[in-house]
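*Asks:*
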Amino acid sequence: MSKENDLLASVSDTSTESEFFLPVPAGYKKGKSRYCFVMGTVMSGLGKGIFSSCLAKLMQDKGLKVAPIKLEGYLNIDSGTLNPFRHGEVFVLDDGMECDMDLGTYERMLNQDLSRANFVTSGQIFSSILHKERHGDYLGRDVQMIPHVTGEVKLKLRRLAAETEADIVFVEIGGTVGDLENAYYIEAMRELAYEEGPNSCCFVALTYILEPKTLGEQKSKAAQLGIKQLMQCGIQPDIIACRAANPVSEKVRQKISVYSNVPFERVISLPDSASIYMIPAMLRDAGLDFEVLRLLKIEDRINLRHERKAWASWCDFTDKIGSRSRQITIGITGKYTSVRDSYASIINALEHAGIALASETEIKWIETTAITDENAAEHLADVDGIIVPGGFGTRGAQGKIACIKYARENNLPYLGLCFGFQMAVIEFARNVCGLPEANSTEVEPDCPEPVIDILPEQKKIEGLGGNMRLGGRDIELKSQTLAWKLFARTDSVRMRFRHRYEVDPRYIEVLEKAGLVFSGKAPNQPIMHILEIPSHPYFCGTQAHPCLTSRPLKPQPMFVGLVAAAMQKRYPGEKLPDPVKAARKVCNRND
Ligand code: GLN
623 MSKENDLLAS
633 VSDTSTESEF
643 FLPVPAGYKK
653 GKSRYCFVMG
663 TVMSGLGKGI
673 FSSCLAKLMQ
683 DKGLKVAPIK
693 LEGYLNIDSG
703 TLNPFRHGEV
713 FVLDDGMECD
723 MDLGTYERML
733 NQDLSRANFV
743 TSGQIFSSIL
753 HKERHGDYLG
763 RDVQMIPHVT
773 GEVKLKLRRL
783 AAETEADIVF
793 VEIGGTVGDL
803 ENAYYIEAMR
813 ELAYEEGPNS
823 CCFVALTYIL
833 EPKTLGEQKS
843 KAAQLGIKQL
853 MQCGIQPDII
863 ACRAANPVSE
873 KVRQKISVYS
883 NVPFERVISL
893 PDSASIYMIP
903 AMLRDAGLDF
913 EVLRLLKIED
923 RINLRHERKA
933 WASWCDFTDK
943 IGSRSRQITI
953 GITGKYTSVR
963 DSYASIINAL
973 EHAGIALASE
983 TEIKWIETTA
993 ITDENAAEHL
1003 ADVDGIIVPG
1013 GFGTRGAQGK
1023 IACIKYAREN
1033 NLPYLGLCFG
1043 FQMAVIEFAR
1053 NVCGLPEANS
1063 TEVEPDCPEP
1073 VIDILPEQKK
1083 IEGLGGNMRL
1093 GGRDIELKSQ
1103 TLAWKLFART
1113 DSVRMRFRHR
1123 YEVDPRYIEV
1133 LEKAGLVFSG
1143 KAPNQPIMHI
1153 LEIPSHPYFC
1163 GTQAHPCLTS
1173 RPLKPQPMFV
1183 GLVAAAMQKR
1193 YPGEKLPDPV
1203 KAARKVCNRN
1213 D
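Quick look at the structure:
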């Protein structure tokens, strides 16, 4: 492109004289990164994050560098204070960012750690603008939605591009086209495509094809109207992905194609899939990977040898999904038992471990408010292992402790995650150490034996937004313990945290004397991170959230251990690997 036609080159970035307002980060190389925008029409919940991560995976397999980013419409600065019941789980990144669960999907699909640069909310955008305004950065100008707010959005995208040097930045826009709160994101995308020039951007519209039972056929009108709305925003989609319960008929695809100016082969059918891990193959079969490469004119950047290898190992994994010969049941106690999204990472981590060990895992959700020491056996009679996951507050805590007691006394495999770790400490203190009044000050603020108490460093911070110990931390492992063996006999592992409370160091000695082993702790600090009971077939817990770092091709060792122990319990006559051997077999790969 000639210099005169190149907006980015010819306009000084934030000039107050010009109507062009183009803040471009230092080091930004135009054309290096291309952009793929994924937007939803008709309704939310179409799986934009899943689609975008699967498409990004196909590009990554081809040796391209990809950087996903999610743009959220809400005004919160992060997802930390959102109720998982309404929004799904809060996913925590290594740098401590609390974000939308879609970031978990990206990390798992791409086997790549993300950071706060990959997550944007309207709250962040407006907070940054208001900060700049007070700082005098816009002196002499009225601050407007266009160009300043859209400019801030473009700046975030270009900054990510410059920092990662990605070949393709995958931009997922939260919500549905037509929502007031994401309208300025969509406008920013339109502007970005105009500024970056032809072949720099590819627009994908995800839509939904209705199939009313009373009619018995697929109807395309809602999809057409949704796409029309997008076109009214000045955006011509390049690809339309039609989500539907069943494969989308040719007739419906043709109708949408004619109506939207999108070539028929780029209107693809994406029916429901039993496993999200089968979706990359669906997109590949539809030829979408090469369509995107052609649209962005980066066919010359790909490495087919890299792709052959990456695709072969992915197919090894997906082949195992359908050929699992054993079945186990894991009980998960949980407050948000009706919403699977609030435990998405745990479900995924169990699935990764199960696929690696050729076992299908059924999950039994256990509501603990009515569970007592007396009836715990009934509730847990049909499970082969139990997880007490993360949680906040008091509801059901007593029932969780009763479940843990049952697991400890009856050799039922147990994995406690964060709150589940804390409850295991309380149970042990009460029933083994003879401290019947042991509790957490979160559950009982004035309890006489606060074995779990608020972290001294967190006490100083006021308010509920932003006072947790968050993000990745190194954990020092004690030699010869179960944890040390599960983690391939390494001295240190890294896991992610999100908590306010911890084991009160004053109780460590009494707990350890009675047989509880703290096998992982913070380096140079008395913060206990992993516990285990050596005399039990598999009883462990961690203050961290190991589920956040489980990946399809790299299952997390503590989950592999649980699944292996549950399989041994379910199939006692068979010679199955114990937790440590199982972890060695499937986790300790050097790739
Ligand atoms: N509520 C507990 C704490 O704040 C546990 C947190 C969690 O499970 N994520 O420490």
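Throughout, the numbering used here is defined as the position within the sequence shown, counted from one, plus 622.
Using N, Cα and C, we set each Cβ at its ideal position, and we do this for glycine too.
From a predicted model like this one, the values you see are computed outputs, not experimental measurements.
1. With a cut-off of 8 Å, do at least 3 Cβ pairs link the segment 1117-1125 to the segment 1157-1166?
2. Let me check one thing: in DSSP terms, what residues is residue 1069 bridge-paired to?
3. What residue from 709, 717 and 641 has the CA that sits closest to residue 1091's CA?
4. Please confirm whether any heavy atom of the ligand GLN lies closer than 6 Å to the CB of residue 1122.
5. Is residue 658 helix, strand or coil by DSSP?
6. Decide if the segment 1142-1157 is in contact with the segment 938-958; the criterion is three or more beta carbon pairs, one per stretch, under 8 Å apart.
7. Rounded to whole angstroms, how far is the Cβ of residue 1043 from the Cβ of residue 1011, which I believe are closer than 8 Å?
8. Select from 735, 972 and 867 the residue whose C-alpha is nearest the C-alpha of residue 835.
9. Counting C-beta neighbours from all protein chains within 10 Å, is the total for residue 657 16 or more, i.e. buried, or is it exposed?
10. Please report the distance separating the alpha-carbon of residue 1019 from that of residue 1063.
11. By DSSP's criteria, residue 794 is part of a beta bridge. Which residues make up the other side?
12. Hey, could you find the ends of the beta strand (DSSP E) residue 1151 is sitting in?
13. Restricting to Cα atoms, I'd like to know which of 736, 899, 735 and 813 is closest to residue 767.
14. Can you list, in chain order, the residues of its chain whose CB lies under 7 Å from that of residue 1212, leaving out five sequence neighbours each side?
15. Given this structure, state the Cα-to-Cα distance separating residue 915 from residue 921, to the nearest angstrom.
16. What three-state label does DSSP hand residue 943 in the structure shown?
17. Bridge partners of residue 1061, per DSSP?
18. Are the segment 1057-1074 and the segment 1015-1031 touching, with three or more C-beta to C-beta distances below 8 Å?
19. Using a threshold of 6 Å, is the CB atom of residue 758 nearer than that to any non-hydrogen atom of the ligand GLN?
20. Does the beta-carbon distance from residue 794 to residue 670 come in below 7 Å?
21. Assuming residue 780 contacts residue 688 under a Cβ cut-off of 8 Å, what Cβ separation, rounded to an integer in Å, is found between them?
22. Report buried or exposed for residue 937, applying the criterion of at least 16 other Cβ atoms within 10 angstroms of its Cβ.
23. Span of the beta strand (DSSP E) holding residue 1091?
24. Determine the extent of the beta strand (DSSP E) in which residue 1118 is found, giving its start and end residues.
25. From the DSSP output, read off the bridge partner residues of residue 1142.
26. According to DSSP, which residues form a beta bridge with residue 1195?
27. Determine, using beta-carbon pairs with one atom in the segment 659-668 and one in the segment 824-844, whether at least three such pairs fall under 8 Å.
28. Strictly by DSSP, which residues pair up with residue 674?
29. Touch check for the segment 1099-1111 and the segment 1175-1183: three-plus C-beta pairs under 8 Å?
30. Comparing alpha-carbon positions, which option in 872, 853, 816 and 851 lies nearest residue 841?
31. Please name the residue or residues paired with residue 951 in a DSSP beta bridge.
32. Buried or exposed, going by whether 16 or more other CB atoms sit within 10 Å of the CB of residue 994?
33. With a threshold of 8 Å, are at least 3 pairs of Cβ atoms found where one atom belongs to the segment 672-692 and the other to the segment 729-739?
34. Flag this pair as yes or no: are the beta carbons of residue 955 and residue 985 separated by less than 7 Å?
35. How would you write the range of the beta strand (DSSP E) that residue 786 sits in, first residue to last?
36. Less than 7 Å between the C-beta atoms of residue 923 and residue 789, yes or no?
*Replies:* Answer, in terms of the structure:
1. yes
2. Residue 1069 sits at position 447 when you count from the first residue of the sequence shown. Paired residue(s): none; residue 1069 is not in a bridge.
3. The sequence position of residue 1091 within the sequence shown is 469, counting from 1. Closest option to residue 1091, judged by alpha-carbon separation, among 709, 717 and 641: 717.
4. Walking along the sequence shown from the start, residue 1122 turns up at place 500. Yes, since a heavy atom of the ligand GLN falls inside the 6 Å radius drawn around the Cβ of residue 1122.
5. Stepping through the sequence shown from its first residue, residue 658 is reached at position 36. In the structure shown, residue 658 sits in a strand (DSSP, three-state: E or B).
6. Counting Cβ pairs under 8 Å, fewer than three are found: no touch.
7. Counting from 1 along the sequence shown, the entry for residue 1043 is found at position 421. Counting from 1 along the sequence shown, the entry for residue 1011 is found at position 389. Not really, about 10 Å apart at Cβ, beyond 8 Å.
8. Translated into positions along the sequence shown, residue 835 becomes position 213. Taking only the C-alpha atoms, the option nearest residue 835 is 867.
9. Within the sequence shown, numbered from 1, the residue matching residue 657 stands at position 35. A buried status is given to residue 657, since no fewer than 16 other beta-carbon atoms sit within 10 Å of its beta-carbon.
10. Your numbering for residue 1019 matches position 397 in the sequence shown. Your numbering for residue 1063 matches position 441 in the sequence shown. Between residue 1019 and residue 1063, the C-alpha separation is close to 12 Å.
11. Indexing the sequence shown from 1 puts residue 794 at position 172. According to DSSP, which records beta bridges pairwise, residue 794 is partnered with 660 and 692.
12. Along the sequence shown, one-based indexing puts residue 1151 at 529. Per DSSP, residue 1151 belongs to the beta strand (DSSP E) from 1150-1154.
13. Counting from 1 along the sequence shown, the entry for residue 767 is found at position 145. Nearest of 736, 899, 735 and 813 to residue 767, Cα basis: 813.
14. Along the sequence shown, one-based indexing puts residue 1212 at 590. Low confidence applies here, because residue 1212 scores a pLDDT of 47, under 50, leaving its location unreliable and the question unanswered by this model.
15. Counted from its first residue, the sequence shown places residue 915 at position 293. Counted from its first residue, the sequence shown places residue 921 at position 299. Cα-Cα distance, rounded: 5 Å.
16. For this step, residue 943 is matched to residue 321 along the sequence shown. Residue 943: helix per DSSP, three-state reduction.
17. What you label residue 1061 is simply residue 439 of the sequence shown in a count that begins at 1. Residue 1061 is bridged to 1072.
18. yes
19. Counting from 1 along the sequence shown, the entry for residue 758 is found at position 136. No, the Cβ of residue 758 stays beyond 6 Å of every heavy atom of the ligand GLN.
20. In the sequence shown, residue 794 corresponds to position 172, counting from 1. In the sequence shown, residue 670 corresponds to position 48, counting from 1. The answer is yes: Cβ separation under 7 Å.
21. For the purposes of this step, residue 780 is taken as the residue at position 158 of the sequence shown. For the purposes of this step, residue 688 is taken as the residue at position 66 of the sequence shown. That pair is no contact at about 16 Å.
22. For the purposes of this step, residue 937 is identified with residue 315 of the sequence shown, where counting begins at 1. The residue in question, residue 937, is exposed, as its Cβ has fewer than 16 Cβ neighbours within 10 Å.
23. Looking up residue 1091 in the sequence shown gives position 469. Segment 1091-1099, the beta strand (DSSP E) holding residue 1091.
24. The sequence position of residue 1118 within the sequence shown is 496, counting from 1. Per DSSP, residue 1118 belongs to the beta strand (DSSP E) from 1114-1121.
25. Along the sequence shown, read from residue 1 onward, the residue named residue 1142 stands at position 520. Paired residue(s): 1099 and 1152.
26. Here the question's residue 1195 lines up with position 573 in the sequence shown. According to DSSP, which records beta bridges pairwise, residue 1195 is partnered with nothing at all.
27. yes
28. If you number the sequence shown from 1, residue 674 lands on position 52. Bridge partners of residue 674: none, in fact.
29. yes
30. By 1-based counting over the sequence shown, the position of residue 841 is 219. Of 872, 853, 816 and 851, the residue nearest in Cα terms is 872.
31. Here residue 951 refers to the residue found at position 329 when the sequence shown is read from its first residue. Residue 951 is bridged to 984.
32. Reading the sequence shown from its first residue, position 372 is the one you call residue 994. By the 10 Å Cβ count, residue 994 comes out exposed.
33. yes
34. Numbered from 1 along the sequence shown, position 333 holds the residue referred to as residue 955. Numbered from 1 along the sequence shown, position 363 holds the residue referred to as residue 985. Contact flag unset, no.
35. Within the sequence shown, residue 786 is the residue found at index 164, counting from 1. Counting along the chain, residue 786 falls outside any beta strand (DSSP E), though it belongs to the alpha helix (DSSP H) covering 772-786.
36. Taking the first residue of the sequence shown as position 1, residue 923 is located at position 301. Taking the first residue of the sequence shown as position 1, residue 789 is located at position 167. Against a cut-off of 7 Å, the Cβ pair of residue 789 and residue 923 comes out as a contact.
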